[in-house]
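Below is one structure, written out as structure tokens, with a few remarks after it.
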Amino acid sequence: MYTMCFFYSHLKLSAAAFLCIIVLSSSGLILCQSLDPGNFQAVLDVDGQVLQPGAKYYILPAVQGGGNGGGLGLSSRAGACPFNVMQESHKQSNGLPVRFLPVNYKMNANVSLSSDMNIVFHAATICVQSTGWKVGGVDEITGRRYVKSGGLTGHPGVNTVSNWFKVEKNENGDGYKIVFCPSVCSFCKLVCGNVGVFDENGKKWLGLSDGDPHIITFRLVS
């Protein structure tokens, strides 16, 4: 008879994690196989502090005072629910705070690069549904896939695959970017992409982009 147990060991600052399967056989032999020995690098806010799961943050442009627009919020794109994720037009606006909920939320003390997570606005809307992010289907008019609200949190798998995002460092090293390329469903066929901003008639909508990503940073809500 075999018993399979999963253990996580993580360091608070580096968020290094090790996942092992312990197999106990009738002879008492113990086998440990490392499934994911990689180093998970923590995501940092503008003050150099590690992002904490469940804490509230503003997602802001990486270059403050440069470019156009401020933080992120929600707005109705077609006059109906669910609301779409958008960038505020005014540079001075912080937008709405968000919370990051990693897939291993109860086991991981930090928000790590390249790890699946839910992103949820800490806000309420007139739509009676979650303010968690999700990637919508292909828009019939623009052919784009926009980031919307209504994504459920937790329950990783095929039924929630559109609700999971990752934070990555921008290739130029000048900030972070949000990526849609979830690992919660190994057999799902997905079109991965960076989350960028589309300027449409004076509104800035977030969606999957083949071009430049939206380069961001994070500020803890005091």
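Its first residue numbered 14, the sequence shown is counted upward by one per residue in the numbering used here. Glycine included, C-beta positions come from ideal geometry on N, C-alpha and C. Computed from a predicted structure; not experimentally measured.
CB contact flag (residue i, residue j, <7 Å)
i: LEU114; j: GLN54; result: no
i: VAL180; j: LYS69; result: no
i: GLY220; j: VAL160; result: yes
i: PHE231; j: ASP58; result: yes
i: ASN81; j: TRP218; result: no
i: THR138; j: LEU87; result: yes
Sequence-distant residues of its chain with Cβ nearer than 6 Å to residue i (five each side left out)
i: PRO169; result: VAL116, VAL197
i: LYS202; result: none
i: GLU107; result: For the record, residue 107 in the displayed sequence is Asn; it is not Glu. For ASN107, where only same-chain residues beyond five positions count, the Cβ hits under 6 Å are TYR71, GLY84.
i: SER6; result: As displayed, the chain neither begins before 14 nor continues past 235, which places residue 6 out of reach and without an answer.
i: ALA136; result: LEU109, THR144
For residue i, the nearest candidate out of the options (CA to CA)
i: ALA91; options: GLY167, GLY209, GLU153; result: GLU153
i: VAL148; options: PRO74, THR173, VAL111, ASP60; result: THR173
i: ARG158; options: TYR118, VAL171, VAL208; result: VAL208
i: TYR71; options: ASN81, LEU85, GLN62; result: LEU85
i: HIS103; options: ALA122, GLY83, ARG112; result: GLY83
i: CYS94; options: CYS194, VAL141, VAL56, LEU64; result: VAL141
i: VAL76; options: SER222, SER199, ASN185, VAL56; result: ASN185
i: VAL204; options: ARG112, ASN183, PRO195, VAL210; result: PRO195
i: PHE200; options: VAL171, GLY206, ASN183; result: VAL171
i: LEU64; options: ARG112, SER89, GLN105; result: ARG112
i: VAL56; options: GLN105, SER89, VAL210, ALA122; result: ALA122
Integer-rounded CB distance, given that residue j should sit under 8 Å from residue i
i: MET130; j: LYS216; result: So it is not a contact: roughly 26 Å between Cβ atoms.
i: VAL124; j: PRO66; result: 6 Å
Contacts around residue i, its chain only, beta-carbon distance under 8 Å, and the 5 residues preceding and following it disregarded
i: SER143; result: VAL133, SER162, GLY163, GLY164, LEU165, THR166
i: ASN183; result: ALA75, TYR189, LYS190, PRO226, ILE228
i: PHE178; result: ASP129, MET130, ASN131, ILE132, TRP146, ILE191, VAL192, PHE193, PRO195, VAL208
Cβ neighbours of residue i in the same chain (closer than 7 Å, five flanking residues each side left out)
i: TYR118; result: PRO66
i: GLU213; result: none
i: GLY51; result: With a pLDDT of only 40 at GLY51, under 50, the local geometry of the prediction cannot be trusted, and no value is derived from it.
Legend entry - Inter-stretch contact (C-beta, 8 Å, three-pair minimum) for the stretch 186 to 194 and the stretch 222 to 230: Three or more Cβ pairs drawn from the stretch 186 to 194 and the stretch 222 to 230 lie within less than 8 Å of each other, which places the two stretches in contact.
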